[in-house]
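Note that the protein sequences, when read in sequence, are chains E and H. According to the working numbering, the first sequence is numbered sequentially starting from 1. According to the working numbering, the second sequence is numbered sequentially starting from 1001. In this text, a Cβ means the ideal position worked out from N, Cα and C, and glycines have one as well. See structure below.
There are 2 protein chains.
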Amino acid sequence: MAQTKPSTRERLLDIAEAGVLAKGFGATSIEEIISEAGISKNGFFYHFRDKNELARALLQRYLDTEEALLDDIFGRARELHGDPLHSFLIGLKLLSEMMADLPNGHPGCLVATFTYSERMFDRDVRELNRNAVLIWRARFLKMLEEIAATYPPRDDVDLRSLADMISNTVEGGIVLSKAVGQPQILAEQLLLLRSYVRLLFEPVQTQVAPAN
Amino acid sequence: MAQTKPSTRERLLDIAEAGVLAKGFGATSIEEIISEAGISKNGFFYHFRDKNELARALLQRYLDTEEALLDDIFGRARELHGDPLHSFLIGLKLLSEMMADLPNGHPGCLVATFTYSERMFDRDVRELNRNAVLIWRARFLKMLEEIAATYPPRDDVDLRSLADMISNTVEGGIVLSKAVGQPQILAEQLLLLRSYVRLLFEPVQTQVAPAN
DNA sequence: ATCCTACTGCACCAGAAGTGCAGTTTTGCC
DNA sequence: GGCAAAACTGCACTTCTGGTGCAGTAGGAT
């Protein structure tokens, strides 16, 4: 089970991911994946029992990458500022900047692709997808609780909903950016979310200062 | 060209829409649509030249319905309160309540389904999809400009981005609600958006009063 | 009576997901 | 170097789906 051979399997996943994010899971045929990878059909089925297992592997890899990315961004933000609120605001800024710097815009979120599902996947894959969102929720909720402990929120908001708002903004931003072909929408929306968090938690007097 | 016969064509669209929203466009086969409609395959192709034309008709009808729904909600909100800010806040509340009242949650947005495209549609359909988002933007921007004329925003936000934020919240909320199977997420996110709009535009002294 | 709309029925094609099996190359290990 | 397992190739075959083509028909409007 321990992967020592990354090459072919990883290449299949790379090709599949690009296809799925550009065209959707159903529109990405095994035929085209293997032709691009220069492998036979049975070579493909050696690595993945069926298309559903490809979906599972694709999603798992994607989620691991996203987790690492969020760890990195909010970890760096925390290093830049010890205060929970300010490090969170810095994290959102960094995230927004990272999204703005993607040359062709965000390629798309596999979680959303899988949610708007296409051929329905099996329970495994759907559960993986569901858990991904719940993990994001837990991550951001933890950060918000830390913030709320120091800065009482100005409006009576549910922190759990607010935690979801980060994922919500990203998912919505990706859809809108892709739909109209304006990649910057996602980055802008993250800055609006940041503005909301500031208005909610930042003490009033500080707000008169320029916005960064 | 003037439709006098709604029955079969509309029924095909109903069945197709339900399928597409539940499983995605590619996973909804013509075969299953016609079997549910009790019609022959050629009967289907009599109404739609190919699957792409079905997509176009589906999207067009969906957009018309959404337009009417938004007209209705924000029209009613305006009747309930003449002030642009308060009628907008009422509109968001009404929208949130409507989403909360959907028995099985929002069935999904065709614009998002089509964006995360699945088999790529032709230029026509993609343009229709793009314009839909731009029309939503224009609608909300108009309302926000009216608000900003009376209430200077507390943070230096771009009204165009803020206009997109409504669509963004809905699209993201639908994805999250569907992904985790918690329909109320969409309604909650709309209330958070409402909270942000309040914090942005509502004069400070009013804020101390209880929310809502 | 006949034309148009709205279909049915049948035959057929290509592409995609898979299955099955036999055989071959590559590799890692002793 | 030898051997087994891993990582494939090639071919044949099945089913489902999208789509085409053509011939025919029931029922209402002119």
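Checklist line | Coarse secondary structure for Phe1217(H), derived from DSSP in three states | finding: The requested residue 1217(H) is not part of the displayed model; chain H covers only 1001 to 1212.
Note to self: Assuming Glu1146(H) is part of the alpha helix (DSSP H), what are its boundary residues?
What the structure shows: Looking at the DSSP string, the run of the alpha helix (DSSP H) that includes Glu1146(H) is 1123 to 1150.
Notebook entry, point to check: Between Leu1128(H) and Leu1063(H), is the Cβ-Cβ spacing less than 9 angstroms?
Noted result: Here Leu1128(H) is near Leu1063(H), since their CB atoms are less than 9 angstroms apart.
Note to self: Restricting to Cα atoms, I'd like to know which of Leu1012(H), His1081(H), Ala1068(H) is closest to Lys1041(H).
What the structure shows: When each option's Cα is compared against that of Lys1041(H), the closest is Leu1012(H).
Check: Roughly how many angstroms separate the alpha carbons of Gln182(E) and Met98(E), rounded to a whole number?
Finding: If I take the Cα positions, the gap works out to 15 angstroms.
Item checked: Endpoints, alpha helix (DSSP H) assigned at Arg154(E) -> Neither: Arg154(E) is in no alpha helix (DSSP H) and is coded neither H nor E.
Notebook entry, point to check: Excluding five sequence neighbours on each side, which residues of the same chain lie with their C-beta closer than 8 angstroms to the C-beta of Thr1073(H)?
Noted result: The sequence shown places Ile at residue 1073(H), rather than the Thr named in the question. Once the five neighbours on either side are set aside, the close Cβ partners of Ile1073(H) are Gly1091, Leu1094, Leu1095, Met1098.
Item checked: Cα-Cα separation, Leu54(E) to Thr169(E) -> One C-alpha to the other measures close to 28 angstroms.
Check: Listing by chain order, which chain H residues have their CB less than 8 angstroms from the CB of Lys178(E)?
Finding: In chain order: Thr1115, Tyr1116.
Checklist line | Spatial distance of Ser167(E) from Thr113(E) (CA atoms) | finding: Rounded to the nearest angstrom, the gap between the Cα atoms of Ser167(E) and Thr113(E) is 14 angstroms.
Check: Can you give the beta carbon distance from Phe88(E) to Ile147(E), rounded, assuming they're within the 8 angstroms contact cut?
Finding: Confirmed, about 6 angstroms.
Next item on the list: Say whether chain E places a C-beta atom closer than 9 angstroms to the C-beta of Ala1002(H).
Entry: Any answer about Ala1002(H) is weak, because its pLDDT of 40 lies below 50 and its placement is not dependable; what the coordinates show is given next. Residue contact check for Ala1002(H) against chain E: no CB pair falls below 9 angstroms.
Next item on the list: Could you work out which residue in Val157(E), Ser177(E), Val175(E), Ile185(E) is closest to Tyr196(E) when comparing CA atoms only?
Entry: Answer by Cα proximity: Val157(E).
Check: Grouping DSSP H, G and I as helix and E and B as strand, with all else coil, what is Tyr196(E)?
Finding: Reduced to three states, the DSSP call for Tyr196(E) is helix.
Item checked: CA-to-CA distance, Glu1079(H) to Met1001(H), given in whole angstroms -> Model confidence at Met1001(H) stands at a pLDDT of 40, short of 50, so the residue's coordinates are unreliable and nothing is read from them.
Next item on the list: Give me the Cβ distance between Leu141(E) and Leu159(E), rounded to the nearest whole Å; I'm assuming they're in contact under 8 angstroms.
Entry: With a Cβ gap of about 6 angstroms, Leu141(E) and Leu159(E) count as contacting.
Next item on the list: Can you grab the Cα-Cα spacing for the pair Tyr46(E) / Gly1172(H), in whole Å?
Entry: Roughly 37 angstroms between the two C-alpha positions.
Check: Under the three-state reduction of DSSP, which class applies to Tyr1062(H): helix, strand or coil?
Finding: Tyr1062(H): helix per DSSP, three-state reduction.
Note to self: Please identify, using Cβ separations under 8 angstroms, the residues of the region 1163 to 1194 of chain H that lie next to chain E, in order along the chain.
What the structure shows: Within the region 1163 to 1194 of chain H, contact with chain E at the beta-carbon level (separation under 8 angstroms) is assigned to Asp1164, Met1165, Ser1167, Asn1168, Thr1169, Val1170, Glu1171, Gly1172, Gly1173, Val1175, Leu1176, Lys1178, Ala1179, Val1180, Gly1181, Ile1185, Glu1188, Gln1189, Leu1191, Leu1192.
Checklist line | Neighbouring residues, chain H, relative to Arg76(E) (Cβ below 9 angstroms) | finding: Those do not exist, as Arg76(E) stays about 25 angstroms from chain H at its closest Cβ, beyond 9 angstroms.
Checklist line | Identity of the residue in Leu193(E), Ala16(E), Leu59(E) nearest Ser35(E) by Cα | finding: A check of alpha carbon separations from Ser35(E) across Leu193(E), Ala16(E), Leu59(E) identifies Ala16(E) as the nearest.
Next item on the list: Run down chain H in chain order and give the residues with a C-beta less than 7 angstroms from the C-beta of Arg11(E).
Entry: Within chain H, no residue comes near Arg11(E); the closest Cβ sits about 23 angstroms away, beyond 7 angstroms.
Next item on the list: Go through its chain and collect everything with a Cβ distance to Asn104(E)'s Cβ below 8 angstroms, but skip five positions before and after it.
Entry: The residues Pro183, in chain order, have a CB closer than 8 angstroms to that of Asn104(E) in the same chain once the five nearest residues on each side in sequence are set aside.
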